[in-house]
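Here's the structure we're looking at; comments come further down.
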Amino acid sequence: MAGGALGALAIIGIGRLSKKMRPAAVGVTKEGIAFKEWLIANYEKVKEDIEDIVAEAKHVHLKDLETEAETEKKEQDLLKKVEQMVEVALRQRSKKEEA
1 MAGGALGALA IIGIGRLSKK MRPAAVGVTK EGIAFKEWLI ANYEKVKEDI
51 EDIVAEAKHV HLKDLETEAE TEKKEQDLLK KVEQMVEVAL RQRSKKEEA
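Sequence positions in the sequence shown follow the working numbering and run 1 to 99.
Pasting the structure below:
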């Protein structure tokens, strides 16, 4: 923004500005510089906030994957136990029927 203000002043010609216009031109340029600094400061803050959000989302995603893997392992273990119990029950029934 300040670059635009400076460019406009260059086109007008700083040397041609009257003594009455010079303070106004300085004020406009000063405000342009202040706006540029404000914009940069806010950009950095927003950028940091976004980086924090992305990092937190990655962490939560990894935790979800770990939880999902643990749940899947528990389900597999439970299914194996049920399978074993069914096999034992079938063997016992088979032995009773043979006897």
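Even for Gly, the Cβ is constructed at its ideal location relative to N, Cα and C.
- In the structure shown, K58 adopts helical secondary structure according to DSSP, grouped into three states.
- Straight-line measurement puts the Cα of A34 at about 20 Å from the Cα of M21.
- Straight through space, the alpha carbons of I50 and L79 are spaced by roughly 43 Å.
- Shown here, A89 sits in a helix according to DSSP, grouped into three states.
- The three-state secondary structure of K63, taken from DSSP, is helix.
- Close CB contacts of I53 within its chain, under the 7 Å cut and outside five residues either way in sequence, are absent.
- Under the three-state reduction of DSSP, K96 is assigned to helix.
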